[in-house]
Amino acid sequence: GVQGAKERRDLIVKGMARHHHEPAIAFDRWSTIWLDPRFESFDIREMLGAITCPLLVLQGDHDEYATEEMVDGIIQRVPQATGRFISHCGHIAHKDQPDVLIEEIVAFLSTLGNNSVS
Numbered sequence: 011g012v013q014g015a016k017e018r019r020d021l022i023v024k025g026m027a028r029h030h031h032e033p034a035i036a037f038d039r040w041s042t043i044w045l046d047p048r049f050e051s052f053d054i055r056e057m058l059g060a061i062t063c064p065l066l067v068l069q070g071d072h073d074e075y076a077t078e079e080m081v082d083g084i085i086q087r088v089p090q091a092t093g094r095f096i097s098h099c100g101h102i103a104h105k106d107q108p109d110v111l112i113e114e115i116v117a118f119l120s121t122l123g124n125n126s127v128s
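And the structure:
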């Protein structure tokens, strides 16, 4: 989880440097928010019903930061939501299972009425 990531801060910040201008600041702000006791009550579930477009929810089956209950909660609240779990995948699906991720996205897009996706 976030606490574990914070314990590996230096290693993570080093990896983030390839993609972030100020990786230490980005990591510190992210971890501080998630570990702040006031954030424990953050909950957007009541707002999910306002989503009216088709929604694809993808999550790795070994995601360190999310639970199956989160995906189930989204699917229950968003009328046009489709949920899929990607096997052998952590939080970063585009790195862990890029081919499977693409397959899931293409399959979802092909259900939207325009079958020209390839």
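In the numbering used here, each number is its position in the sequence shown, counted from 1, plus 10.
Where a beta carbon is used, it is the ideal one built from N, C-alpha and C, also for glycine.
1) On the CB-based measure, 16 or more other CB atoms within 10 Å of its CB, does Gln86 come out buried or exposed?
2) Going by beta carbon distance, what residues of the same chain come within less than 7 angstroms of Ile43, once the five residues before and after it are set aside?
3) Take the Cβ of Glu111 as the centre, count every other Cβ of all protein chains shown within 10 Å, and call the residue buried at 16 or more, exposed below.
4) Along the alpha helix (DSSP H) that carries Val116, what are the first and last residues, could you check?
5) State yes or no: is the C-beta of Glu74 within less than 8 angstroms of the C-beta of His101?
6) Just mark Val116 as buried or exposed, buried being the case when its beta carbon has 16 or more other beta carbons within 10 Å.
7) Which residue wins for smallest C-alpha separation from Gly64, given the options Gln13, Ile84 and Ile22?
8) Confirm, please, whether the CB-CB distance from Ala15 to Ser41 is below 8 angstroms.
9) Write down the C-beta distance between Leu45 and Gln13 rounded to the nearest angstrom, noting that I regard them as a contact closer than 8 angstroms.
10) Output the distance between the C-alpha atoms of Leu58 and Val88, rounded to the nearest integer angstrom.
11) Any idea what DSSP makes of Gln13, helix, strand or coil?
12) Identify, in the order they occur along the chain, each residue of the same chain with its Cβ nearer than 7 angstroms to the Cβ of Met26, setting aside the five sequence neighbours on each side.
On the basis of the supplied data:
1) Here the question's residue 86 lines up with position 76 in the sequence shown. It counts as exposed.
2) Counted from its first residue, the sequence shown places residue 43 at position 33. Contacts found: Phe49.
3) Numbered from its first residue, the sequence shown carries residue 111 at position 101. Reading off the sequence, residue 111 comes out as Leu, not Glu. Buried, because 16 or more other Cβ atoms sit within 10 Å of the Cβ of Leu111.
4) Your numbering for residue 116 matches position 106 in the sequence shown. Element bounds for Val116: Pro108 to Leu119.
5) Counting from 1 along the sequence shown, the entry for residue 74 is found at position 64. Counting from 1 along the sequence shown, the entry for residue 101 is found at position 91. A contact, by the Cβ cut-off of 8 angstroms.
6) For the purposes of this step, residue 116 is identified with residue 106 of the sequence shown, where counting begins at 1. It is exposed - the Cβ of Val116 has fewer than 16 other Cβ atoms within 10 Å.
7) Indexing the sequence shown from 1 puts residue 64 at position 54. Note on identity: in this sequence residue 64 is Pro, with Gly being the wrong assignment. Ranking the options by Cα distance to Pro64, first place goes to Ile84.
8) Here residue 41 refers to the residue found at position 31 when the sequence shown is read from its first residue. Here residue 15 refers to the residue found at position 5 when the sequence shown is read from its first residue. Yes; because the gap between Cβ atoms is below 8 angstroms, this pair is in contact.
9) In the sequence shown, residue 45 corresponds to position 35, counting from 1. In the sequence shown, residue 13 corresponds to position 3, counting from 1. Confirmed, Cβ separation roughly 7 angstroms.
10) By 1-based counting over the sequence shown, the position of residue 58 is 48. By 1-based counting over the sequence shown, the position of residue 88 is 78. Near 6 angstroms, if we compare the C-alpha coordinates of Val88 and Leu58.
11) As a working mapping, residue 13 is identified with position 3 in the sequence shown. Residue state, collapsed to three classes: helix.
12) In the sequence shown, residue 26 corresponds to position 16, counting from 1. Pro33, Ala36 and Phe37.
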